[in-house]
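In the working numbering, the protein residues as written are 15 to 281. Cβ atoms here follow ideal geometry from the backbone N, Cα and C, with glycine treated the same way.
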Ligand SMILES: NC(=O)c1ccc[n+]([C@@H]2O[C@H](COP(=O)([O-])OP(=O)(O)OC[C@H]3O[C@@H](n4cnc5c(N)ncnc54)[C@H](O)[C@@H]3O)[C@@H](O)[C@H]2O)c1
């Protein structure tokens, strides 16, 4: 399908800024939303300020859109009270608004931190046990369940992208396995929006690496074939000093996220 009006939440953010440019040729019009300031609207764009925790505002935001790329929210480990507003309430508000306004398809930015307590080197399929590595990972796991519920109950299609490390260039040894290039992110989201039928599916958001931790042969059926790999960066990254062998950030797929917190404020 070619979206007639695509809503991107979190459009002011790192990934949102890339997808704002990259998806433009593939949609008729875009509504760009964030709680943070955004560049002014260009041709075919609307810019709407909205807090995802504000239910009526999210309802107004979604009205008139036929597809959503949901990137908005807290993108790292933080106290639960912060996560709950943007990531837990936010994702429910968004899917409820999608149901009310007849949106048929969403692409949800989930995260590798849904499976962060699997060991590094283990190779996971998309049906592996979820082992969130903190409140952030828990919130993304919850978001995946919300997406599943709205498909089972209301037939709203979703792709949940368990994004690895989406940055311009990989910058540590872990990213030899977790890096997702901006080009591959764009292509993955484009494929999810364009597929004639999507259903509910979980996909790894990762480029094509020599020793992958995550595998999903089914992604190719969507037409997604990653163009980038961490291999050209290997020599540079392997020159970096390794973490201590007992460091949890070296043992678990979630890296440094597995040792963040606890957050002791508010007691
Ligand atoms: N960058 C990565 O490597 C990566 C990896 C895994 C998952 N993700 C997910 O992808 C999405 C985008 O990540 P990013 O790296 O661009 O993060 P980012 O922080 O740059 O962008 C997120 C945006 O969400 C907005 N936001 C936060 N709270 C909000 C609220 N209550 N209401 C409305 N907007 C709000 C922020 O202002 C920000 O612009 C996030 O959901 C993140 O969890 C990113």
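### Query
Say the cut is 7 Å; is the CB of residue 28 nearer than that to a heavy atom of ligand 1?
Yes.
### Message
I'd like to know whether the C-beta atoms of residue 267 and residue 227 end up nearer to each other than 8 Å.
### Response
For residue 267 and residue 227, yes; Cβs fall inside 8 Å.
### Query
residue 146 and residue 121 look like a contact to me (Cβ under 8 Å); what is the Cβ gap, rounded to whole Å?
Not confirmed; about 21 Å, so no contact.
### Task
Answer with buried or exposed for residue 193, where buried requires no fewer than 16 other C-beta atoms within 10 angstroms of its C-beta.
By the beta-carbon neighbour count (other beta carbons within 10 angstroms, threshold 16), residue 193 is buried.
### Cβ pair residue 153, residue 161 closer than 8 Å
Cβ atoms of residue 153 and residue 161: not closer than 8 Å.
### Message
Less than 8 Å between the C-beta atoms of residue 49 and residue 63, yes or no?
### Response
Less than 8 Å divides the Cβ of residue 49 from the Cβ of residue 63.
### Task
Would you list the one or two residues that DSSP bridges to residue 59?
DSSP lists 44 as partners of residue 59.
### Query
residue 192 by DSSP, collapsed to three states: which one?
It is helical.
### Task
Ignore the nearest five residues each way along the sequence and tell me which others in residue 41's own chain have a CB closer than 6 Å to its CB.
For residue 41, where only same-chain residues beyond five positions count, the Cβ hits under 6 Å are 17, 20.
### Classification of residue 123 by the beta-carbon crowding that lies within 10 angstroms, buried from 16 upward
It is buried - the Cβ of residue 123 has at least 16 other Cβ atoms within 10 Å.
### Query
Looking only at DSSP bridge pairs, what is residue 228 linked to?
Residue 228 pairs with 138.
### Task
Taking only the alpha-carbon atoms, compute the straight-line gap between residue 96 and residue 88 and give it to the nearest angstrom.
The straight-line gap from Cα to Cα measures roughly 8 Å.
### Message
Output needed for residue 91: all residues of its chain with C-beta closer than 7 Å, excluding positions within five of it in sequence on either side, in chain order.
### Response
Around residue 91: 148, 149, 150, 271, 274, 275.
### Query
With contact counted as at least three CB pairs below 8 Å, one residue from each stretch, are the stretch 235-246 and the stretch 180-200 in contact?
The stretch 180-200 and the stretch 235-246 touch, with three or more beta-carbon pairs separated by less than 8 Å.
### Task
Inspect the beta-carbon positions of residue 83 and residue 46 and report whether they are closer than 8 Å.
Not in contact: residue 83 and residue 46 (Cβ atoms no closer than 8 Å).
### Message
Quick check: the Cα distance between residue 285 and residue 22, rounded to an integer number of angstroms?
### Response
This structure cannot speak to residue 285, because the chain is shown only from 15 to 281.
### Task
Report the residue from 103, 181, 202 whose alpha carbon sits nearest the alpha carbon of residue 174.
Ranking 103, 181, 202 by Cα distance to residue 174 puts 202 first.
### Task
Take residue 210 as the anchor and find which of 235, 130, 222, 188 has the nearest alpha-carbon.
Among 235, 130, 222, 188, the Cα nearest to that of residue 210 belongs to 235.
### Query
Alpha carbon to alpha carbon, what distance is there between residue 57 and residue 231?
Each residue's CA atom was taken as its position, placing residue 231 and residue 57 some 38 Å apart.
### Query
CA-CA distance, residue 164 and residue 81?
Separation of residue 164 and residue 81 (C-alpha to C-alpha, rounded to the nearest whole angstrom) is 14 Å.
### Task
Just confirm the distance between the C-beta atoms of residue 157 and residue 105, as a whole number of angstroms; I'd bet it's less than 8 Å.
About 4 Å separates the beta carbons of residue 157 and residue 105, which is inside the 8 Å limit, making them a contact pair.
### Message
Among the candidates 108, 261, 27, whose CA atom is the shortest distance from the CA of residue 71?
### Response
Cα-wise, what sits closest to residue 71 is 108.
### Query
With respect to 7 Å, is the separation between the Cβ of residue 93 and the closest non-hydrogen atom of ligand 3 below this value?
No copy of ligand 3 occurs in the structure displayed; its ligands are ligand 1 alone.
### Task
Could you check how far apart the C-beta atoms of residue 25 and residue 73 are, in whole angstroms? I think they sit under 8 Å.
In this structure, residue 25 and residue 73 do not form a Cβ contact; the two beta carbons are roughly 18 Å apart against a cut-off of 8 Å.
### Query
Does the distance from the C-beta atom of residue 119 to that of residue 212 stay below 8 Å?
Closer than 8 Å, so yes.
### Task
Taking the CB atoms as reference points, tell me whether residue 187 and residue 252 lie closer together than 8 Å.
When the beta-carbon positions are compared, residue 187 and residue 252 come within less than 8 Å of each other.
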